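If you read the protein sequences in the order shown, they are chains A and B.
Position 35 of the first sequence, counted from 1, bears residue number 359 in our numbering, the numbering being contiguous throughout.
Position 153 of the second sequence, counted from 1, bears residue number 408 in our numbering, the numbering being contiguous throughout.
Okay, so here's the structure we're looking at.
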Amino acid sequence: MIQINIDFQKCKACEYCVSICPKHVLALGEAVNAKGYHSAEVRFAEACVGCAMCAIMCPEAAIEILKSKDKLSERSEQ
Amino acid sequence: MEFEYIYKKPSALTSKANSYCPGCMHSTANKLIAEVLEELDMVGKTIAVFPVGCAVLSADYFLTDMTIAAHGRAPSVACDIKRCRPDKLVFAYQGDGDLSSIGMCETIHTANRGENIAVIFINNAIFGMTGGQMAPTTLVGQASTTGGKSRNPDDVGYPVKMCELINQFKAPKYIARFAMDSVPHIRDAKKGIRKAFELQLNGGGYSFVELISNCSTNWKTTPLQSLEFIREKMIPYYPLGEFRVPEEM
Ligand SMILES: Cc1ncc(C[n+]2csc(CCOP(=O)(O)OP(=O)(O)O)c2C)c(N)n1
Ligand code: SF4
Ligand code: SF4
Numbered sequence: 325m326i327q328i329n330i331d332f333q334k335c336k337a338c339e340y341c342v343s344i345c346p347k348h349v350l351a352l353g354e355a356v357n358a359k360g361y362h363s364a365e366v367r368f369a370e371a372c373v374g375c376a377m378c379a380i381m382c383p384e385a386a387i388e389i390l391k392s393k394d395k396l397s398e399r400s401e402q
Numbered sequence: 256m257e258f259e260y261i262y263k264k265p266s267a268l269t270s271k272a273n274s275y276c277p278g279c280m281h282s283t284a285n286k287l288i289a290e291v292l293e294e295l296d297m298v299g300k301t302i303a304v305f306p307v308g309c310a311v312l313s314a315d316y317f318l319t320d321m322t323i324a325a326h327g328r329a330p331s332v333a334c335d336i337k338r339c340r341p342d343k344l345v346f347a348y349q350g351d352g353d354l355s356s357i358g359m360c361e362t363i364h365t366a367n368r369g370e371n372i373a374v375i376f377i378n379n380a381i382f383g384m385t386g387g388q389m390a391p392t393t394l395v396g397q398a399s400t401t402g403g404k405s406r407n408p409d410d411v412g413y414p415v416k417m418c419e420l421i422n423q424f425k426a427p428k429y430i431a432r433f434a435m436d437s438v439p440h441i442r443d444a445k446k447g448i449r450k451a452f453e454l455q456l457n458g459g460g461y462s463f464v465e466l467i468s469n470c471s472t473n474w475k476t477t478p479l480q481s482l483e484f485i486r487e488k489m490i491p492y493y494p495l496g497e498f499r500v501p502e503e504m
């Protein structure tokens, strides 16, 4: 299982992550952060393959990606 | 459930939002430097020298020791610090107005002396902070507030290629140009920064790492459009690659 954490306040809505994600997991959200940006949000978490391309492209280091260490739980989910 | 990181924010940066514009690759460059410092376990043993220009906004964002130099003087300040504190990792972080315009003299003589520092050069082909004036690196045909709709080489000459210029000197050890517009390019750029820092730590020598960057605010593009400008206009004129690598690397 992959977990994507986007820092709501650090995102500046540049859309690099949205455009780079091969699985179209991310999109800009409706909510506006303290600096006035429509922060990116996770739309289709289940499609994420954990390639971390979004996190590598994000200038703000606003995206962190984690994966579950538990191989068994991964298998039972499938 | 137990999780492990695939990508984790580097610990050398504060957790607050920085002041760069959306999509500005100063932020990308900061992130890469911070990742390398963390990997080399040098966060607490580094002195950064920031310049004048948007590049100075990084001073608010890094958790290393640092100082800020007068416009263009960052490499001179960096080499003074390195000569006094050879145990520290010292780098100068400069924009193109700072490094190739007002600071050209300092840039060239620091390189020619082969000072044991790393210079990270952010080339966004324009003066960012002051509102889009022409830089020595502004492309032929590119608009700027002081060069008009299109840089005219008959009037103001051609854009300066800093890596190629520094490659004329004998003393520099590592000279390379990278871009930050795509995942493979960002990976290469990080490897280059790492080589520059490792070189300084292992015996030493001058390194110059140019990072082709953007300024969508003054280019008057969206961040995504600025990626196209980098690919279509910047990289063809400023070829990417390593110009000089020490034999042992
Ligand atoms: C001695 C001096 N001259 C001029 C300025 C005005 N000034 C501030 S930033 C800047 C240009 C910086 O451009 P660049 O180095 O390309 O950095 P960027 O903002 O694009 O990161 C200038 C000319 C100054 N602060 N000090
Ligand atoms: S790349 Fe980063 S700053 Fe840009 S929209 Fe995505 S999360 Fe936000
Ligand atoms: S003005 Fe340009 S160089 Fe300065 S922060 Fe904005 S995009 Fe970056």
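Note that beta-carbon positions come from the ideal geometry of N, C-alpha and C, so glycine has one too.
Keep in mind the model is a prediction, meaning the values are calculated, not measured.
The alpha carbon of residue 503 (chain B) has as its nearest neighbour, out of B:318, B:344, B:477 and B:454, the alpha carbon of B:454. Using a Cβ-Cβ cut-off of 8 Å, residue 438 (chain B) counts as an interface residue toward chain A, since at least one Cβ of chain A sits closer than that to its own.
Per DSSP, residue 377 (chain A) has no beta bridge partner at all. Any Cβ of chain A closer than 8 Å to the Cβ of residue 256 (chain B) would place that residue at the interface, and such an atom is present.
Relative to ligand 3, the nearest heavy atom lies less than 7 Å away from the CB of residue 472 (chain B). Residue side-chain check: residue 438 (chain B) keeps its Cβ at 7 Å or more from all non-hydrogen atoms of ligand 1.
Residue 318 (chain B) is positioned such that its CB atom lies no closer than 8 Å to that of residue 272 (chain B).
Beyond the five residues adjoining it in sequence on each side, residue 351 (chain A) comes within less than 8 Å, by CB distance, of 342, 364, 365 and 367 in the same chain, given in chain order. Cα atoms of residue 386 (chain A) and residue 270 (chain B): separation of roughly 9 Å, rounded to the nearest angstrom. Residue 349 (chain B) sits in a strand when the DSSP states are folded into three classes. By DSSP's assignment, residue 328 (chain A) forms a beta bridge with A:389. Annotation: residue 326 (chain B) to residue 293 (chain B) spans about 28 Å, alpha carbon to alpha carbon.
For residue 352 (chain A), there is no enclosing alpha helix (DSSP H); the enclosing beta strand (DSSP E) covers residues 350–356.
With a cutoff of 8 Å on beta-carbon distance, residue 385 (chain B) and residue 414 (chain B) are scored as not near each other. Counting only runs that start and end inside the region 445–495 of chain B, the beta strand (DSSP E) elements of at least 3 residues fall at 462–467.
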